[in-house]
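Residue numbers (the working numbering), protein chains in the order written: chain A, 1 to 262; chain B, 1001 to 1281.
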C-alpha cells in the first residue's frame, strides 16, 4: 500500500463512527506482545474524539451547563463528525458551533442555544484578538479643545458585538457562578452585548438602546463627536453634550475605542 | 545553570497554569519550551506572558502541527507564522514531531505514526529540507509514542531516524519516555533504540509521565516520570554526555513547586550519570 493510501485509510478509521477498523487497513498493521492491533487503533480513535470534545467543553462551558454532560457530549460528537477540524490550531475548532446548533436542533431550542454559543465564541475571539492601541483618558486630556468636534473613533480590535434576543447573558453568568439555571426567556426589546479584552482581561456589558445607538453611530457609522452631540440633542436637548461626554469617557475607560484613522 | 555550552540545562514546558508564578518568583529553571501553536495568535494574555518570560529565560519552540510526514502539501501559512514567532522570541531551536497530524482535508490533532519505509523516508526528508529552507535553521524532530506499527516497515524506528538525520540534516529531540512507551507497546529494547541514534544529532531530551495499563502504556504527560524512565534517562546521559533536558506536564497539573522538585531530581540524576561518564572516560 502506498504511503498516501495508508494515511487516508488511517484518517478514515479516526473519523469513523463508531470505532470499527476497516479490515483491510487493520491487516496492514502489527501490534506488540500484549497490545493487539484493535486495541492500538482504539487508542488513536478514542484520543481523537476525546481531545476535540475536551476543547469544545472548555470553549462552550455554558452550553454544557445548560444541556448537561450527556447531551453536550452527543452534540459535540455530532459537530465533530459534521465539521471535522480544518485549522491546525484547536483554538478554531468551535468556530461553526453556533451555526451547527441551528442546523442540528429544532428551531425552538436552537435559537437561544445558538445565541449562547455565539456569546461564548465572542469571548474566545476577544481573548486573543490583536491588542490595537486603545484610547486612554490621558490621550483625551491631551486633545486640544479645538480638536474635540472633529474627533472620530473606531472600536478596538477585540470588541465583539452581539445582538441578544434572549436572556443569554443571564444564563452565561449563571453558568459562571454555578448557580441555578434561570430559564430561557425572550428579551423585549433586544439588547446589544459587547465582549472585549482590556488589559488582558475579558469583559462584557449589555448596552441600553440609546447607548448602543450612540456607540454604533460613532464607531461604525463614523459620526464625529460634534455629530454625536447633534444626534443626541433630539432626545437630550441641552444635556446632549454632557451625555455624549459621559458615554465617551465610559467607553474610553473600558478600553473600547481607538482613534479613527483620518 | 546550564551544564555546558551546548546544553541549555534543565527546563520545563511553559504552561498557562504557571505564568504568574514564573514571573513573580523567577524560579530556578534554566529554560522553557513553549508549544508554538499556543502563541500563533495576534494578541492577548498568552503572548503577553510569553514576551515577558522570553525576556528572562532562554526559550525553545516546540510545535505539534507541522505534520512533516503528512500526505498534504506543507502549510506555508503555518510555517510563515512559525518563522514570525521565532523572530519575535528568538528560540534556541525549533522542534516538532516525526509524525503526521493532518489527513486529506482534516486536521487530526494527533501525532500519528509513519510506516518506516524508504518511501516515507524520502517523503519526510524532502519536506524537512523545505522547512529548513524557510526557517533557515535545522529542524529538530521528536520520536513519538505509538500504539500500532505498519507491517510494511523496512527500517526500525532508530534506523529511520538515523537515515533521516543524515539525509535531511535535521536534528533529534529524543523523548526518553516515548522510547519507553513504544518499546513496551511493540516489544523492542529501549536501550537498543537510544544507543543506535547518532549522538551528534541529538539536540534535546524530553522526560514525561505516562499511564501504564499493564498490557500496554499510553503517553499521557499527566503523571510524574516513572523509575524505569529515570533509569533510561541516566543511561542515556552516560552515553551522550550533557544534553538539554525538558520535563513535560500537560494534564493533572501539580503545584509548581512539585514540578520544580521533579526537575531537581532530573538535575541530580543527571549529575550522577555524568559523573559516572567522566570516570569511565
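Using N, Cα and C, we set each Cβ at its ideal position, and we do this for glycine too. Computed from a predicted model, the values in this text were never measured in an experiment.
Assigned exposure category for residue i - 16 Cβ within 10 Å defines buried
i: residue 68(A); result: exposed
i: residue 1280(B); result: exposed
i: residue 1284(B); result: Because residue 1284(B) is not part of the residues shown, which for chain B are 1001 to 1281, the question remains open.
i: residue 1245(B); result: buried
i: residue 1096(B); result: buried
i: residue 1016(B); result: exposed
i: residue 195(A); result: buried
i: residue 27(A); result: exposed
i: residue 1003(B); result: Since pLDDT at residue 1003(B) reaches only 40, below the 50 mark, its modelled position is unreliable, and the value read off the structure follows with that caveat. Flag for residue 1003(B) reads buried.
i: residue 201(A); result: exposed
i: residue 136(A); result: exposed
i: residue 1005(B); result: Residue confidence for residue 1005(B) is low, a pLDDT of 43 falling below 50, so the modelled location carries little weight and cannot support an answer.
i: residue 210(A); result: exposed
i: residue 1055(B); result: exposed
i: residue 181(A); result: exposed
i: residue 1275(B); result: exposed
i: residue 1111(B); result: buried
i: residue 1278(B); result: exposed
i: residue 1183(B); result: buried
i: residue 76(A); result: buried
N-terminal and C-terminal residue of the alpha helix (DSSP H) that residue i is part of
i: residue 1134(B); result: 1118-1135
i: residue 1236(B); result: 1227-1240
i: residue 1179(B); result: 1176-1186
i: residue 1157(B); result: 1157-1168
i: residue 36(A); result: Segment: none, residue 36(A) is in no alpha helix (DSSP H) and carries neither H nor E.
i: residue 234(A); result: 225-236
i: residue 92(A); result: Premise fails: residue 92(A) is in no alpha helix (DSSP H) and is neither H nor E.
i: residue 112(A); result: 107-127
i: residue 1252(B); result: Here residue 1252(B) belongs to no alpha helix (DSSP H), and DSSP marks it neither H nor E.
i: residue 1040(B); result: Looking at the DSSP string, residue 1040(B) is not in any alpha helix (DSSP H), and its letter there is neither H nor E.
i: residue 981(B); result: Examination of residue 981(B) is not possible in this model, given that chain B is present from 1001 through 1281 alone.
i: residue 1076(B); result: 1076-1089
i: residue 16(A); result: Looking at the DSSP string, residue 16(A) is not in any alpha helix (DSSP H), and its letter there is neither H nor E.
Beta-bridge partners of residue i, as assigned by DSSP
i: residue 30(A); result: 1149(B)
i: residue 1011(B); result: 1031(B), 1246(B)
i: residue 166(A); result: 186(A)
i: residue 258(A); result: 154(A)
i: residue 1171(B); result: 1140(B)
i: residue 1211(B); result: 1218(B)
i: residue 131(A); result: Answer by DSSP bridge pairing: none, since residue 131(A) is not bridged.
i: residue 160(A); result: 195(A)
Residue i, enclosing beta strand (DSSP E) - first and last residue
i: residue 186(A); result: 186-198
i: residue 140(A); result: Per DSSP, residue 140(A) belongs to no beta strand (DSSP E); it is in the alpha helix (DSSP H), 137-141.
i: residue 1060(B); result: 1059-1062
i: residue 201(A); result: 201-207
i: residue 1109(B); result: 1107-1112
i: residue 1191(B); result: Looking at the DSSP string, residue 1191(B) is not in any beta strand (DSSP E); the run it does join, the alpha helix (DSSP H), is 1190-1195.
i: residue 1205(B); result: 1202-1207
i: residue 1100(B); result: 1100-1102
i: residue 1094(B); result: 1094-1097
Q.
Beta carbons nearer than 8 Å to chain A: which residues of the region 1028-1051 of chain B have them?
A. 1037, 1040, 1041, 1042, 1043, 1044, 1045, 1046, 1047, 1048
Q: Below 8 Å between beta carbons is the criterion; list the residues of the region 1183-1211 of chain B that meet it against any residue of chain A, in chain order.
A: 1184, 1185, 1186, 1187
Q: Could you run through the region 83-97 of chain A and flag, in chain order, every residue whose CB is less than 8 Å away from some CB of chain B?
A: 84, 85, 86, 87, 88, 89, 90, 91
Q.
Contact between the region 129-140 of chain A and the region 152-161 of chain A is defined here as three or more beta-carbon pairs at a separation below 8 Å; is this criterion met?
A. yes
Q | the region 1117-1129 of chain B: positions lying closer than 9 Å to chain A by Cβ | A | 1117, 1119, 1120, 1123
Q. Of all the residues that make up the region 195-228 of chain A, which are near chain B by a beta-carbon distance shorter than 7 Å?
A. 197, 200
Q: Below 9 Å between beta carbons is the criterion; list the residues of the region 101-134 of chain A that meet it against any residue of chain B, in chain order.
A: 126, 127, 128, 129, 130, 131, 132
Q. Looking at C-beta atoms only, is the number of pairs between the region 1111-1127 of chain B and the region 1079-1090 of chain B that lie closer than 8 Å three or more?
A. no
Q) Which of the residues in the region 17-36 of chain A, read from start to end, lie with their CB under 7 Å from any CB of chain B? A) 28, 29, 30, 31, 32, 33, 34, 35
Q | Contact between the region 46-63 of chain A and the region 1227-1244 of chain B (3+ Cβ pairs under 8 Å) | A | no
**Q.** Three or more C-beta pairs below 8 Å linking the region 1058-1078 of chain B and the region 1091-1106 of chain B
**A.** yes
Q.
Output needed in chain order: residues of the region 1134-1149 of chain B with a Cβ under 9 Å from some Cβ in chain A.
A. 1146, 1147, 1148, 1149
**Q.** Residues from the region 33-66 of chain A in contact with chain B, defined by Cβ distance under 8 Å
**A.** 33, 34, 35, 37, 39, 40, 41, 43, 44, 47, 48, 51, 52
(Q) Could you check whether the region 138-150 of chain A touches the region 85-98 of chain A, counting it as contact only if at least three pairs of C-beta atoms, one from each stretch, sit closer than 8 Å? (A) no
Q) Would you call the region 1222-1231 of chain B and the region 238-255 of chain A in contact, with 3 or more CB pairs under 8 Å? A) no
Q.
By the 7 Å beta-carbon criterion, what residues does the region 1212-1225 of chain B contribute toward chain A?
A. 1215, 1216, 1218
Q: Count the C-beta pairs between the region 1167-1185 of chain B and the region 1208-1227 of chain B that are closer than 8 Å, then say yes if the count reaches three, no if not.
A: yes
Q.
Quick check: the region 1014-1030 of chain B against the region 240-249 of chain A, are at least 3 beta-carbon pairs closer than 8 Å?
A. no
Q.
Count Cβ pairs between the region 1121-1129 of chain B and the region 92-105 of chain A that sit closer than 8 Å; are there 3 or more?
A. no
Q.
Pairs of beta-carbons, one from the region 1155-1170 of chain B and one from the region 1204-1214 of chain B, closer than 8 Å: are there three or more?
A. no
Q. What residues in the region 1150-1164 of chain B bring their beta carbon closer than 7 Å to a beta carbon of chain A?
A. 1150, 1151, 1152
Q. Between the region 1-13 of chain A and chain B, which residues of the former have CB atoms less than 8 Å from a CB of the latter, in chain order?
A. 1, 2, 3, 4, 6, 7, 8, 10, 11
Q. For the region 1138-1145 of chain B against the region 27-46 of chain A, are there 3 or more C-beta pairs whose distance is under 8 Å?
A. no
Q: Determine contact between the region 111-122 of chain A and the region 77-86 of chain A, defined as no fewer than three beta-carbon pairs at a distance below 8 Å.
A: no
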